Structures are given as C-alpha cells and as structure tokens.
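Numbering (this note's numbering), first residue to last: 875 to 1312.
Glycine residues also receive a C-beta, built at the ideal position from the N, C-alpha and C atoms.
In this text the structure is predicted, and so the values were computed from the model without any measurement.
The structure under discussion appears below in the form of structure tokens.
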Amino acid sequence: MEHTKFERFALKPYIIEAITKELKFFEPTEIQERLMPSILKGESVIGQSQTGTGKTHAYLLPLLNKVDPTQREVQFVITAPTRELATQIYHEVVKITAFSKEDIVTKCLIGGTDKQRTIEKLKSQPHIVVGTPGRINDLIKENALIVNKTRSLVVDEADLMLDMGFIKEVDMVASQMPEELQILVFSATIPEKLKPFLKKYLENPKFTHVAPKQVTAAKIEHVLVPTKHRNKKKLVFDILKGFNPFIAIVFTNTKKNADEVADALLENGLKVGRIHGDLSPRDRKKMMKQINDLEFQYVVATDLAARGIDIKGVSHVINYELPTTDLDFYIHRVGRTARAGSSGVAVTIYEQSDEDALNKLEKLGVDFVHRDYIDGEWKDLDDRKKRQKRKKTPDEVDALAKSIVQKPKKVKPGYKKKMTREMEQIKKRKRKIDNRKK
Ligand SMILES: Nc1ncnc2c1ncn2[C@@H]1O[C@H](COP(=O)(O)OP(=O)(O)OP(=O)(O)O)[C@@H](O)[C@H]1O
C-alpha cells in the first residue's frame, strides 16, 4: 500500500512507513479519527468505543509521534490491567519504533518477571514504558524508574483497573509525574463507578469523550442456546465441532471450570489452549505466544483473557456460562471476535437463572437470536420470553397438575375423587395466573 489516510495527521515519516508497511492501516477508525488530533495537541482524553475498534493505536500513534529520542528519560507510560495485554501493547509499540532511524527504547514492566534483573536493565531509562501498575509503582518506589519528566500517562481498560484495585496504584504512579500530565483513559465500557477517578484527573474542560453508537462490536451475532439440563461440556464440544471455527475462545467464570472444559475437549480429541490465572507467568506468556501463532483452533479462557487481548482470527466466542461478577465482561468477552470491522459469532449457553442478566444485556442494546444445536443441526427457537409467556395448552396444564398432585402411597377409598378435586383447584389457579399475565 503506497499511501494511507493517516498522512493527514502529519505524523513522522517513520510512523507513516510503519502504518503502511507493517500495520497496513488504510484509514483511521472512528475513535482514531476523533481522538488523535486532541492527543497530538497534548489534551487529556477519555476514549470509549466498542471492542476491536482501534483504541490502542488511537493513543500509540500520537504518543510515538511526540517521542524525543535525544532525551533518554521516561516520556510516556502506558498501563494495562493484565500482563498479557501489557505485553501485547509493548509488541505493538516495538513494531512501530523498529522503523525509526533514531533509537527509541521501550521497556515492558510486568509482574511475574525477575524484578532485580529489571532494575539492572533500568540503569539507563527508556523513552517509553508499558506495564502493569503494580510493577511500575514498585520500580518507582525503588527509584529504579524515574517518571518526573513523564508527559503522558495511558490508563487502558480503565474500568477493569478500578475493579482490580489498580486505580490506587495508577494514582500513586501519576502522583510522581509532572502536574501538567496528559492523561489518556480508554475502555469499551466506562461505568459510573469510574467517574470519580475521571473527575479527579480529567476535570480540565479539554477532554474528548467518544461514546460508542452501540455497546458491542457491530458485526457480532449474539446467539442464545438453552442448556435444557444437558451436559454443557458435551454441548460445547458439539457446537465447536459444528462450527469448525478459525479460532474459537470458550469463556468460563472460574479457573476450575476452564480446566474441566479444556480437559473434556482434549479427551474428545480437540487440540485446546487454555489461559487463566493459575498458569505460571512463564506458561501464560508461552500460551499467549502459541495462541497468537495460531497453534490452537480452540482456546478455553477465564476473564483474564477477555480484556483487550487482540488475537487475529477469532471467529467464534462461546460463553460456557454468563459472567456473574460484572456483565460488562460479556461485552469484552464477545469483543474478542468481530474486531477491526470483521464479523463474528458469540454463543451463550444459558440457564433459567440467567433471565435477569439476559434482560439487562438486551436493555444495553444486545440483540439476541435464540437457537438450539440438536443432532448436528442449528434450529431457530422462539424468543425465550415468548416461550415463557406462551399459555400452556389444556393437556400441558393437566400434565403439570398431575405432576404436582402426588398419588398417595397407600390407596384409600375415594382417593380418585380427592385427586380430581385437587387437580381442578390447580387448573383454576393456573388459569387465574395466566389471565393476570395478559
Ligand atoms: N485504522 C485501522 N485500520 C485497520 N485495522 C486497525 C486499525 N486500527 C486498529 N486496527 C486493528 O484492529 C484490531 C483491534 O484493535 P485494538 O486491539 O486496538 O482494539 P480495541 O478497541 O483496543 O479493542 P478492545 O476494546 O478489545 O481493547 C487490531 O488487530 C488492530 O491491529
């Protein structure tokens, strides 16, 4: 590609070269369009847009454009809530700075790595730091990392930073930086509880807030499959075989379920990757590399991998269960597919007890289709609410009444009349309830 629409931002030649030759971005996404000019001007911004819409490069490209390679001091600090996401962002930075003729040094500072060795390597300060807040804060406290000249601080996946209690660490990192710090806050979801933090750092009138048109990425098909008391691991296996996906991620709520689902799929002959917090740092790093190298068609993960992780080619996401702690995780999980304008399918296996959560997601704008996967075929179902509301036919009421009226163990004279009377009462009560619902 000989040119790109990014040229209009008057970025440094090496960045334009990286965009055309390495990133191959032809035109900016909406959030990049809207935020890059503000960031280039040094304004603090809040960037909110659906998953997979290019938030990372919305801040990376303008910040890299402002690096002064002649000043060997920490000019920009980018923080992310997970090691995997910080490492992913670090690689994106290095992909671009590799095109710079002048040496631009970037360091990835995350937990689970040898801190002493890191301190050794920080004898000369990098231009850019990408990392997790805890480790960055530790290194500042030990005077290994000097941030008193830092010009911009990025808080990526800001709401998760809050949930994981990292905002305090981010606060401490920011407090060591110059007063006129540029703060860049990003996430696909910006919940109310984040507002105090934003107010504290972004009270200046010049911040830009690009709210999403809809809450999840545009081209995701949200499919709901009722469990119907089936074995969920078998159901997931059947659905995965049916899809034959490019890459499918199966999300579970706990590490235990992740291991159980991954083991069940392995036993059925699928080559499965898994990523969750019980893996050692080394194994997590190795697993992410294998996943990015497309070594697995199937990955089982907990919400650790839901945030920001950008794996090329995720065609399907399966929610083995709906996230219980925070429904925003549904948005981030399904956002691992349908990235950068591509399409994707998100299947959620749900229980009766998930009705409220599903209603909340629909209120947020998620548009579900109801299907079942039976004997290797997808079957359209009525909307679950219609199915619930559908009046029971007379013989269904009969069956329901019979199931409730227990036949007496010892048959006593006149039991039949008594049973009939009780069933009539149940039918009358059922009819009254149905009429009230109309
Ligand atoms: N202008 C662009 N043109 C084409 N592809 C792009 C552009 N900007 C980013 N991308 C690609 O889109 C994908 C998603 O980008 P990115 O991970 O930054 O999304 P995001 O908004 O941060 O998502 P999430 O909310 O999940 O963190 C990446 O593979 C990235 O390389």
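D1249 and K915 have their C-alpha atoms some 58 Å from each other. Note: S1061 is bridge-paired with Q922 in the DSSP secondary-structure output. For N1105, the secondary structure class from DSSP, reduced to helix, strand or coil, is coil.
When the alpha-carbon of G1147 is set against those of V1174, E1134, K1129, F1125, the nearest one is in V1174. Look at the region 947-1025 and you find these whole runs of alpha helix (DSSP H), each 4 residues long or longer: 957-971, 989-995, 1007-1015. Using a 10 angstroms sphere on the CB of N1131, the tally of other CB atoms reaches 16 or more, which defines it as buried.
With a cut-off of 8 Å on Cβ pairs, the region 1088-1102 is in contact with the region 1214-1231, counting three or more such pairs.
In this structure, E881 has its beta carbon at no less than 8 Å from each heavy atom of ligand 1. Around the C-beta of Q962, 16 or more other C-beta atoms lie within 10 Å, and the residue is accordingly described as buried.
For K1115, there are no CB contacts under 7 Å within the same chain when 5 residues up- and downstream are skipped. For P1000, the number of other beta carbons within 10 angstroms of its own is at least 16, and it is reported as buried. For the 9 Å CB-CB criterion, V1059 and G921 form a contact. The residue from G1143, E1043, M1035, D1033 with its alpha-carbon nearest to that of I1014 is E1043. DSSP places H877 outside any alpha helix (DSSP H), giving it a letter other than H or E.
DSSP places S912 inside the alpha helix (DSSP H), whose first and last residues are 904-914.
Between the alpha carbons of L1076 and Y888 lies a distance of about 31 Å. Per DSSP, the beta bridge partners of D1246 are K1253.
Rounded to whole angstroms, the separation of the alpha carbons of I1057 and F1071 is 11 Å.
For I1041, the uninterrupted alpha helix (DSSP H) run begins and ends at 1041-1049, by DSSP.
Scanning its chain for C-beta atoms nearer than 6 Å, with the 5 sequence neighbours on each side dropped, one finds around I1041 the residues M1035, F1071, in chain order.
Taking non-hydrogen atoms of ligand 1 into account, the C-beta of H965 is found less than 8 Å away from none of them. Annotation for L1098: the continuous beta strand (DSSP E) segment containing it runs 1094-1100.
Annotation for Y1224: the continuous beta strand (DSSP E) segment containing it runs 1218-1224. The beta-bridge partner set that DSSP reports for V1146 consists of Y1172.
Judged by beta-carbon spacing, L1238 lies within the 9 Å limit of I1205, meaning their Cβ atoms are closer than that value. Taking non-hydrogen atoms of ligand 1 into account, the C-beta of Q906 is found less than 8 Å away from one of them.
With respect to the 9 Å criterion, L996 and L1027 are not classified as neighbours on the basis of their beta carbons. Taking C-alpha positions only, L983 is separated from K1260 by approximately 52 Å.
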